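Peer 1: Please see the structure below; I have some questions.
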Amino acid sequence: GELRIDGQLIATATTMQQGQFVWNAPATLGQGKHKISVTGYDVANTPATVEINVTLGAACEAADDCLRDGEVCVDGRCVLGDGVQGGLGWACATNMECWSGQCAADAEGEMHCVENCSIAADACPSGFDCIDRGQGDNGVCWPGAESGGGCSSGKGGATGFLLVFGLGAILVTRRRRR
Numbered sequence: 004g005e006l007r008i009d010g011q012l013i014a015t016a017t018t019m020q021q022g023q024f025v026w027n028a029p030a031t032l033g034q035g036k037h038k039i040s041v042t043g044y045d046v047a048n049t050p051a052t053v054e055i056n057v058t059l060g061a062a063c064e065a066a067d068d069c070l071r072d073g074e075v076c077v078d079g080r081c082v083l084g085d086g087v088q089g090g091l092g093w094a095c096a097t098n099m100e101c102w103s104g105q106c107a108a109d110a111e112g113e114m115h116c117v118e119n120c121s122i123a124a125d126a127c128p129s130g131f132d133c134i135d136r137g138q139g140d141n142g143v144c145w146p147g148a149e150s151g152g153g154c155s156s157g158k159g160g161a162t163g164f165l166l167v168f169g170l171g172a173i174l175v176t177r178r179r180r181r
């Protein structure tokens, strides 16, 4: 089985303890809202996934609500920000360089560490936009917003137009189960 928190692979298990797979969340998991998904595989290697949303402690509304230095608030959860290596917005080349496990590229080949966000929630930190990646309400926080203040704010003019439509085809590479 696989345990993912906020889209990041946390652990895998191949053996059961007393008929159950058992995992613990990492001690570094920030306060706030998180999506937990568990995937199990049958003997034919067919996956089945269950997801739940949980809140650890209180959900954040701003970086000031986060407990650790360098954290920002994304969709009610505290994550490492762009001032921390591997944090949101950090330049990257591979998923392994990002705390979120997600290094994304735009249409121009610019690559940054991203965090999942809800497009409808308007909840990326200042300086970031929640960019649609073609999966319903699921987007990623992408650097570049001049006005800040959430996912619905954006740049004006041709640059904003190109950013929104150029990143519509954002590629988020993910580690796949072998």
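For the sequence shown, the numbering used here begins at 4 and goes up steadily by one. Positions of the beta carbon are idealized from the N, C-alpha and C atoms, including for glycine. Please read all numbers here as calculations on a predicted model, not as lab measurements.
State yes or no: is the C-beta of G65 within less than 8 Å of the C-beta of C76?
Peer 2: Numbered from 1 along the sequence shown, position 62 holds the residue referred to as residue 65. Numbered from 1 along the sequence shown, position 73 holds the residue referred to as residue 76. The residue you asked about is not Gly; residue 65 is Ala in the sequence shown. Going by C-beta atoms, A65 is nearer than 8 Å to C76.
Peer 1: Could you give the uninterrupted runs of the beta strand (DSSP E) lying entirely in the segment 62-125, keeping only those of 3 residues or more?
Peer 2: Qualifying beta strand (DSSP E) stretches, in chain order: 74-77, 80-83, 106-108, 114-116, 119-121.
Peer 1: Identify whether T49 lies in helix, strand or coil by the three-state DSSP scheme.
Peer 2: Within the sequence shown, residue 49 is the residue found at index 46, counting from 1. In this structure, T49 counts as coil in the three-state DSSP scheme.
Peer 1: Could you check whether the Cβ of G89 sits closer than 8 Å to any Cβ belonging to chain B?
Peer 2: Of the protein chains in this structure there is only one, and it is not chain B.
Peer 1: Taking buried to mean at least 16 other C-beta atoms within 10 Å of its own C-beta, is P50 buried or exposed?
Peer 2: Numbered from its first residue, the sequence shown carries residue 50 at position 47. P50 should be labelled exposed.
Peer 1: Quick one, which of G4, A110, A123, D68 has its alpha-carbon nearest N48's?
Peer 2: Position 45 of the sequence shown, counted from the first residue, corresponds to residue 48. Closest option to N48, Cα to Cα, is G4.
Peer 1: Taking one C-beta from the segment 115-129 and one from the segment 90-102 each time, how about it: are there three or more such pairs within less than 8 Å?
Peer 2: Yes: the two stretches touch, three or more of their Cβ pairs being nearer than 8 Å.
Peer 1: Using a 10 Å radius around the Cβ and a threshold of 16 neighbouring Cβ atoms, would you call P128 buried or exposed?
Peer 2: Translated into positions along the sequence shown, residue 128 becomes position 125. Counting Cβ neighbours within 10 Å, P128 comes out buried, since at least 16 surround it.
Peer 1: Using only CA atoms, which one of L59, C133, A110, K36 lies nearest to L91?
Peer 2: Looking up residue 91 in the sequence shown gives position 88. Measuring from the Cα of L91, the nearest candidate turns out to be C133.
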